[in-house]
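Protein chains in written order, with the UniProt record's numbering: chain U, 1 to 232; chain W, 1 to 328. C-beta: ideal position from N, C-alpha, C; glycine also. Given the structure is predicted, the values throughout are model-derived calculations rather than measurements.
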Amino acid sequence: MPVIDINLYKLFQQIIKRNLSSDAWDWLEKKINLVKTEERSMQLNLSFSQLSRLTGRNIVELNSNEVIEINLSMSGLELNNWTIDRLCRVWLLMQVPAGDKENYLKKINGLFATAEMNEQVALYSALPIYCYPEEWIARCEEGIRSNIGIVLEAIMYHNPYPAKFLSTPSWNQLVLKAFFTEKEVDKIYGLYERINPALSETLMDYIQERLAAHRTVAPEIYQLTQQMNPQI
Amino acid sequence: MCCNENFEERNKGEKIQTTLDLNDISGMKFFDPHVHMTSRTTDDYQAMADAGIVALIEPAFWLGQPRTGVDSFTDYYSSLIGWERFRSSQFGIKHYCTIGLNSREANNEKLAEQVMEILPQFIFKEGVVGIGEIGFDDQTAAEEKYYRLQLDLALEAGLPVQIHTPHRDKKKGTQRSMDIAIEQGLAPYMVIVDHNNEETVKEVLDRGFWAAFTIYPFTKMGNERMVEVVKQYGSERIMINSAADWGISDPLAIPKTAALMKRSGISLADIELVTYRNAITAFAQSGQINEDDFTTIKNIDQSQKFASNSILRGGQQPRVDKNSIIIS
């Protein structure tokens with residue numbers, strides 16, 4: 001029976017409760033009880049979409065203890081600038097019954113299939129908390145192909161899943177895509193740890209291409225290639 | 001197939017409003033062999049016709065986000081040979097397309113299998129001038145698999161191939177695309193390698209392929225760089241396109257670049273090859289391009305406009321005064 005991280009679950013609960021109005025909290029609790037007990041996906045689909053109407057989209061307020069505790073529970077995870085609807089959606093996803101693997105995958109994949117942008121952000125932010133983690137690799141790879149900036153950022157920024165589960169070629173795509181779309185690459189968990197010869201070589205070609213086009217080169221690209229080839 | 005997220009470059013600098021002066025190239029004809037018109041407005045069609053674009057090729061690509069079922073592909077391919085072609089004709093522009101499974105969506109193997117089954121229904125439709133745009137994006141195993149299968153299809157059908165080369169890891173991706181095309185038995189002269197830059201052009205030309213360049217703000221080639229490329233490599237087997245799509249792109253990239261080339265002292269003969277003739281030579285290997293059609297479509301539309309025919313009867317779109325606040 002797959003289990004969720006109980007520390008993280010409780011932490012999220014505590015943060016959400018403090019950041020929500022009591023009405024919104026009551027609504028969420030009630031919906032979660034329905035989601036936990038249903039066999040099909042109706043309540044999940046309804047509440048996952050409707051949620052933001054109740055919670056609003058304010059930035060979540062965290063105290064310094066919570067920041068530390070989140071990182072202790074899951075190395076690499078940070079909730080900087082998360083909106084409350086995003087956190088509530090992730091918390092809701094933590095409570096989808098996972099005993100029946102096939103049904104669990106069907107429920108979550110069903111949400112992905114019809115998600116609007118903010119829902120996609122939540123679904124990809126939840127990659128490190130889903131059960132059966134190896135089942136989400138293809139989904140993560142597809143997310144990296146997205147052209148939607150906030151969706152990419154949900155995968156790239158302070159998300160420990162890609163560094164832990166992606167193959168080297170997929171990881172390299174994530175890093176390249178981050179440079180191509182001018183992301184804040186220092187927020188990528190595992191950036192310097194997962195540098196590898198193939199990525200370094202491609203980045204060196206990229207430097208040549210940028211220079212040939214009279215364009216600037218991001219300093220992190222030099223840092224990464226130098227880490228791989230200290231003699232340069 | 002493009003994306004445009006280089007905000008920093010895009011947003012820097014003053015915003016100055018000027019009017020476009022294309023007098024230098026007035027009377028010239030252009031052919032845009034890569035432009036995604038389904039993503040563009042009627043204003044764009046009008047501006048393209050005004051600037052001298054007489055014909056274009058719309059490669060099949062992705063829609064900015066992944067499709068989830070095969071019927072979406074069927075409808076999309078049908079629209080390229082149906083509604084979009086009609087829309088283009090209303091502005092006197094001859095519309096062709098290439099049909100294929102794009103590299104990004106090749107990664108959804110379950111769907112890709114289904115798409116491969118419907119492709120044969122479309123490739124011999126009138127005005128389909130090649131298989132495209134196909135090739136690599138992330139350079140995954142699935143992308144390679146469907147790239148090879150579509151090259152086989154092109155070989156069997158005797159159609160040219162329009163290759164999308166990847167944005168990331170471009171140099172190796174371009175080399176690999178050419179290696180595989182040769183391995184599958186394609187003649188380089190039947191293959192148009194698209195989205196070249198200064199780093200890839202030499203090898204593409206040396207190996208006998210066509211080298212296409214996309215003039216696309218910020219993410220691909222600027223046209224000043226393009227002028228330098230033509231000065232260095234000449235005009236043989238080189239063509240330019242706009243690849244205009246749903247990103248910040250420019251459907252007038254070809255006429256603008258022609259004007260810049262003229263100002264930069266490139267001969268009219270070379271400009272004609274790069275902005276018109278070479279694309280026709282390459283894609284006419286499909287047997288689907290007849291230049292007389294360019295004139296016919298213009299004349300038919302004009303006569304219909306003079307006879308005040310309605311849109312429903314195939315007439316040309318009435319011109320709208322963009323500077324009037326009255327919409328009538």
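Can you check DSSP and say which residues form a bridge with residue i?
i, result
"N241(W)", "T214(W)"
"I163(W)", "I134(W) and V193(W)"
"F165(U)", "Per DSSP, none; premise fails for F165(U)."
"M221(W)", "I215(W)"
"V128(W)", "C97(W)"
"E58(W)", "C97(W)"
"F31(W)", "A55(W)"
"Y206(U)", "DSSP lists no partner for Y206(U)."
"I188(U)", "Y157(U)"
"T83(U)", "I59(U)"
Of all Cβ atoms in chain W, is any one closer than 8 Å to the Cβ of residue i?
i, result
"Q202(U)", "Before going further, note that residue 202(U) is Thr rather than Gln in the sequence given. It does; some Cβ of chain W falls within 8 Å."
"L224(U)", "no"
Sorted by chain position, which residues of the same chain lie with C-beta nearer than 6 Å to residue i's C-beta, five sequence neighbours on each side aside?
i, result
"A279(W)", "F31, P33 and M239"
"L273(W)", "S235"
"A243(W)", "C2, H34, T214 and Y216"
"W171(U)", "R194"
"I134(W)", "G100, Y147 and Q150"
"E78(U)", "H158"
"R277(W)", "none"
"T94(W)", "The question names Thr, but residue 94(W) in the sequence shown is Lys. Within the same chain, K94(W) has close Cβ partners A55, D293, F294 and I297."
Using a Cβ-Cβ distance cut-off of 8 Å, determine whether residue i contacts chain U.
i, result
"T140(W)", "yes"
"R237(W)", "no"
"residue 331(W)", "With chain W represented from 1 up to 328, any question about residue 331(W) goes unanswered, as that position is not in the structure."
"S303(W)", "With a pLDDT of 47 at S303(W), under the threshold of 50, the modelled position of this residue cannot be trusted, and the question is left open."
Quick one: what's got a C-beta closer than 8 Å to residue i's C-beta in the same chain, skipping five residues either side?
i, result
"Y130(U)", "L93, I108 and W136"
"L80(W)", "T38, E58, A60, C97 and I99"
"L105(U)", "Y132 and E135"
"P169(U)", "A198"
"M117(U)", "I148, I150 and V151"
"L149(W)", "M116"
"E224(W)", "L260"
"I118(W)", "V70, F73, T74 and Y77"
"L87(U)", "F12, I15, I16, N19, V60 and L79"
Residues in the same chain with beta-carbon distance under 7 Å from residue i, minus the five sequence neighbours each way, listed in chain order, please.
i, result
"G143(U)", "Y124, V151 and I155"
"E143(W)", "S103, A106, N107, F136 and D137"
"K36(U)", "Q95 and P97"
"F306(W)", "Residue confidence is low: F306(W) scores 41 on pLDDT, short of 50, so the model does not pin down where it sits. Its coordinate-derived value is still stated next. Closer than 7 Å at Cβ, skipping near neighbours: no residue."
"S41(U)", "K107 and G110"
"Y189(U)", "G76, H158, N159, P160 and A163"
"Q43(U)", "K31, L34 and V35"
Taking one C-beta from the region 221 to 229 of chain W and one from the region 27 to 44 of chain W each time, how about it: are there three or more such pairs within less than 8 Å?
no
Chain W contacts from the region 204 to 219 of chain U (Cβ-Cβ distance under 7 Å)
D205, Q208, E209, A212 and A213
Short-range partners of chain W found in the region 164 to 182 of chain U, where Cβ spacing is below 9 Å:
P169, S170, N172, Q173, L176, K177, F179, F180, T181 and E182
Count the CB pairs spanning the region 58 to 78 of chain U and the region 97 to 115 of chain U that are closer than 8 Å, and state whether there are at least three.
no
Using a Cβ-Cβ cutoff of 8 Å, what residues of the region 148 to 176 of chain W are near chain U? List them in chain order.
H167, R168, D169, K170, K171 and K172
Check distances from the C-beta atoms of the region 70 to 98 of chain U to those of chain W and list, in chain order, the residues that come in under 8 Å.
none
Under 9 Å, CB to CB, which of the residues in the region 138 to 159 of chain U have a partner in chain W?
A138, E141, E142, I144, R145, S146, N147, I148, G149 and L152
Beta carbons nearer than 7 Å to chain W: which residues of the region 103 to 115 of chain U have them?
A113
Between the region 87 to 108 of chain W and chain C, which residues of the former have a C-beta closer than 8 Å to a C-beta of the latter?
The chain labelled as chain C is not found among the protein chains of the depicted structure, namely U and W.
What residues from the region 63 to 83 of chain W come within 9 Å of chain U, judged by C-beta to C-beta, listed N to C?
G64, Q65, P66 and T68
Between the region 171 to 184 of chain U and the region 178 to 198 of chain W, can you find at least three pairs of beta-carbon atoms closer than 8 Å?
no
Are there three or more Cβ pairs, one per stretch, closer than 8 Å when the region 50 to 61 of chain W is compared with the region 26 to 42 of chain W?
yes
Chain-ordered residues of the region 185 to 200 of chain W with a beta carbon less than 7 Å from chain U
N197, E198 and E199
Please list the residues of the region 198 to 229 of chain W that have a C-beta atom closer than 7 Å to any C-beta atom in chain U, keeping them in chain order.
E198, E199 and R225
Measuring CB atoms only, is the region 283 to 303 of chain W touching the region 261 to 268 of chain W, in the sense that at least three cross pairs come out at less than 8 Å?
no
Take every Cβ of the region 165 to 179 of chain W, pair it with every Cβ of the region 181 to 195 of chain U, and state whether three or more of those distances are shorter than 8 Å.
no
Report yes or no: do three or more beta-carbon pairs, one from the region 44 to 58 of chain U and one from the region 23 to 30 of chain U, lie closer than 8 Å?
yes
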